[in-house]
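Heads up: the structure comes next, in structure tokens.
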Amino acid sequence: MSLRFVSSLNSPPFVAAAGVAVIAGLPFAEAAAASGASLALLKGLNLAAFAGNCAAVSVPGRIDEQQDVAMRKGALDPSKPGAPTESTGLNDATTGGGEYTEIYSPSRGRSLVSPSGWAFAIWGPIYLGEAAFVGGQFLSDALAGVLPQVAPAFIAANIMQSLWCASFRPSYSEGWKKYVSVGCLAGTALSLLQINAFAGSAEAASLGWYFLPLSLHAGWTTAATLVNLNGSVAMNENIGERSIIAVGHGSAITATALGVGITIMQATPAYGLTVAWALAAVADGMSKRMGSLPADGPLQQGANIQKTLCWIGSAACAAASISTFF
19 MSLRFVSSLN SPPFVAAAGV AVIAGLPFAE AAAASGASLA LLKGLNLAAF
69 AGNCAAVSVP GRIDEQQDVA MRKGALDPSK PGAPTESTGL NDATTGGGEY
119 TEIYSPSRGR SLVSPSGWAF AIWGPIYLGE AAFVGGQFLS DALAGVLPQV
169 APAFIAANIM QSLWCASFRP SYSEGWKKYV SVGCLAGTAL SLLQINAFAG
219 SAEAASLGWY FLPLSLHAGW TTAATLVNLN GSVAMNENIG ERSIIAVGHG
269 SAITATALGV GITIMQATPA YGLTVAWALA AVADGMSKRM GSLPADGPLQ
319 QGANIQKTLC WIGSAACAAA SISTFF
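Heads up, the final residue of the sequence shown is numbered 344 in the working numbering, and it's a clean run with no missing numbers.
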């Protein structure tokens, strides 16, 4: 199957419908797995879903990949505010006059949920750890024994992230289409949170190292959903600065509430520490933002408050994670 054929299937209605079908079908898949599905089948589906995710990530053209290319070529310096007419060399990948490279940049965009670049280093441990999880199911009888409880959610999470890779692109820039990627990330996080709940159970205690990357992934996609939401809102030039500020502050509070609440309820410190990591990265991003905005503008004031909210949230999530050890 060629890349061109796969790309031809990438339409917003199809991707959105596929995402809804995956999440709606997850309870039925879980019931089927619990009723005695073949372990060999579950292992094969886990491997296929993870391989598909890795393949989807490698397909060029995503918004974040385009920004990285521009930075490497020197066409974009994310540490400096851009001039209104500045070209970023991304082949006119624009939306409503606002270039994609501006939207998610900590110092250049309107979104108040823009983490510093160092935060994305977490993807390395996540993918390496999940590769170990997929390989471990063929080597560990104990891990294979719990696959009926976790395989459906793992498969769903990988499919949803593959759909996010399809939708986080300039072609999804108009109207409702720009929120498809938000829904795909939310579906990824929702699926992973089911695994995260199992990871905190007594049954998974001896398999903790296998589930650690999945907890990291759950925490990161929780935060990434909010990053994506704020970026999608900021794309719309008809949405005013005060609305963007309100969404940003609400997202910081929501991330904190989820980080603290889920960490304590599911007894999974890795989840809370990951949300703390993400909030710290957003706070650092807002520090960069504050130097490039008018001192008396609402976004400058909003960025200052956002930085404080994120540092407080990061500390709260870290404290919740520590509390699970006592």
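Where is the CB? At the ideal position from N, CA and C, for every residue including glycine.
Within 7 Å, strictly: CB atoms of residue i and residue j
i: G37; j: G201; result: yes
i: A337; j: Q284; result: no
i: K270; j: C328; result: The question names Lys, yet the displayed sequence has Ala at residue 270. Yes, the pair counts as a contact, with Cβ atoms nearer than the cut-off.
i: N248; j: G266; result: yes
i: L234; j: A273; result: no
i: V300; j: G277; result: no
i: Q324; j: M308; result: no
i: I144; j: P231; result: yes
i: I263; j: A252; result: no
i: N64; j: V152; result: yes
i: P316; j: E259; result: yes
i: Y122; j: S134; result: no
i: A373; j: A296; result: With the chain running from 19 to 344 in the structure shown, residue 373 is simply not present.
i: S185; j: S199; result: yes
i: L210; j: A175; result: yes
i: N246; j: L203; result: yes
Where the alpha helix (DSSP H) through residue i begins and ends
i: F172; result: 165 to 185
i: R80; result: R80 -> no alpha helix (DSSP H), and no H or E assigned at all.
i: L327; result: 316 to 341
i: W194; result: No alpha helix (DSSP H) contains W194, which DSSP labels as neither H nor E.
i: S250; result: 226 to 253
i: E148; result: 141 to 154
i: E221; result: That residue, E221, is in no alpha helix (DSSP H); it is neither H nor E in DSSP.
i: G135; result: G135 -> no alpha helix (DSSP H), and no H or E assigned at all.
i: I280; result: 259 to 284
i: R128; result: Neither: R128 is in no alpha helix (DSSP H) and is coded neither H nor E.
i: A42; result: 30 to 52
i: S123; result: From DSSP, S123 is part of no alpha helix (DSSP H); its letter is neither H nor E.
i: P312; result: Neither: P312 is in no alpha helix (DSSP H) and is coded neither H nor E.
Which listed residue (the options) has its alpha carbon closest to that of residue i
i: L225; options: S158, N322, A294, Y145; result: S158
i: T382; options: A275, T274, A321, G290; result: As shown, the chain starts at 19 and ends at 344. That puts residue 382 outside it, with no answer to give.
i: G142; options: C72, A34, S209, N254; result: C72
i: L181; options: S56, A66, N28; result: N28
i: A333; options: A275, K306, A35; result: A275
i: I41; options: I177, T286, K196, D302; result: I177
i: P45; options: W194, A242, A66, Q167; result: Q167
i: P170; options: S76, V75, F68, A137; result: F68
i: Q155; options: Y228, A49, P188; result: Y228
i: P31; options: L57, K195, K61; result: K195
i: L244; options: L130, S209, E221, A51; result: L130
i: R2; options: A50, G79, S250, Q319; result: No statement about residue 2 is possible, as the shown extent of the chain runs from 19 to 344 and does not include it.
i: P124; options: T326, I81, A321, S339; result: A321
i: L311; options: D82, G127, A49; result: G127
i: A34; options: Q179, F343, F344; result: Q179
i: I213; options: T286, A39, I81; result: T286
i: S250; options: D82, I257, Y197; result: Y197
i: F138; options: L57, T239, S341, S56; result: T239
i: C335; options: A313, Q318, K306, A298; result: A298
i: S191; options: G62, I81, W136; result: I81
Residue i CB to nearest heavy atom of the ligand ZN below 6 Å
i: A301; result: The ligand ZN is not among the ligands present in this structure, which contains no ligands whatsoever.
Cβ of residue i within 7 Å of any chain B Cβ
i: I271; result: Within the model displayed, chain B is absent; a lone protein chain is all it includes.
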